[in-house]
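Numbering (this note's numbering), first residue to last: 3 to 92.
Notes to accompany the following structure.
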C-alpha cells in the first residue's frame, strides 16, 4: 500500500499501525457495505466510501464482498482511474 510505504520512510512502526487501521475499517465496511455513503463524484449505488481520519476508503459493493478501489486523502477528489467503470473486480 503506497500510503504505508510513504509513512514508513519516516516511521515504519507508525506505517504498519496506520495500514492496520485502514484494513480494519475496510473489514468493518464489508460487514455492512451499504452503510458507507455513495461517492459524490460517482453517484453510483455500488460505489461507496467510508472515512477514517482524513482518508477516504472507496470500494465497490459486489454480491458477496466489497473490493477496495482506492484509499486517498479526503481533501482530494476521487482519482480518475478509480472513477472508471472498467475497474475489474474478481
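Glycine included, each C-beta is placed from N, C-alpha and C at the ideal position.
- For residue 27, the enclosing alpha helix (DSSP H) covers residues 14-33.
- The three-state reading of DSSP puts residue 83 in helix, counting H, G and I together.
- Apart from sequence neighbours up to five positions away, the residues of its chain that approach residue 84 with a beta-carbon distance below 7 Å are 60, 71 and 72, ordered along the chain.
- Excluding sequence positions up to five before and after residue 53, its CB lies within less than 8 Å of the CB of 59 and 76, all in the same chain and listed in chain order.
- Between the C-alpha atoms of residue 19 and residue 69 there is a straight-line separation of about 21 Å.
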